[in-house]
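Have a look at the structure below, then the notes.
Numbering (our numbering), first residue to last: 118 to 243.
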């Protein structure tokens, strides 16, 4: 290949390539507040992001421009989450105690039935 052919080929490629533009970000940083999960802290929930970062909508509670508002929201969400966990724990304890009471009553009823069955054949013979 001659040098002139190589130059013309390079010029064609350069003409076909699109110019590179610098991206302008007018929005800047903002703060994603994630939905609370077991073991999360405020620091785990509040993430600094830009429009170029990928945000998972399913795990996001909200997006805020102000860090203090994002932190306040994260604190409120954590309190609600902990309250729900405590309420669930209380309900589970209530369920377990009720289940134990029912189990104890069923056991006592079975013992009475067995006792009556043991006495019942004697009554039938009379």
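Even glycine gets a Cβ: it sits at the ideal position worked out from N, Cα and C.
For clarity, every value in this text was computed on a predicted model and none was experimentally measured.
Can you look up residue i in the DSSP assignment and give me helix, strand or coil?
i, result
"residue 146", "coil"
"residue 151", "strand"
"residue 105", "This structure leaves residue 105 out entirely; the chain is present only between 118 and 243."
"residue 156", "coil"
Could you tell me how far apart the beta carbons of residue i and residue j are, in whole angstroms, since I believe they sit closer than 8 Å?
i, j, result
"residue 194", "residue 153", "5 Å"
"residue 159", "residue 188", "6 Å"
Tell me where the beta strand (DSSP E) around residue i begins and ends.
i, result
"residue 160", "Taken as a continuous stretch (DSSP letters only), residue 160 belongs to no beta strand (DSSP E), being part of the alpha helix (DSSP H) at 159-162."
"residue 140", "Careful: residue 140 lies outside any beta strand (DSSP E) and carries neither H nor E."
Output yes or no for whether 9 Å exceeds the beta carbon distance between residue i and residue j.
i, j, result
"residue 148", "residue 130", "no"
"residue 140", "residue 191", "no"
"residue 167", "residue 143", "no"
"residue 171", "residue 184", "no"
Three or more C-beta pairs under 8 Å: does that hold for the segment 218-237 against the segment 176-188?
No, they do not touch.
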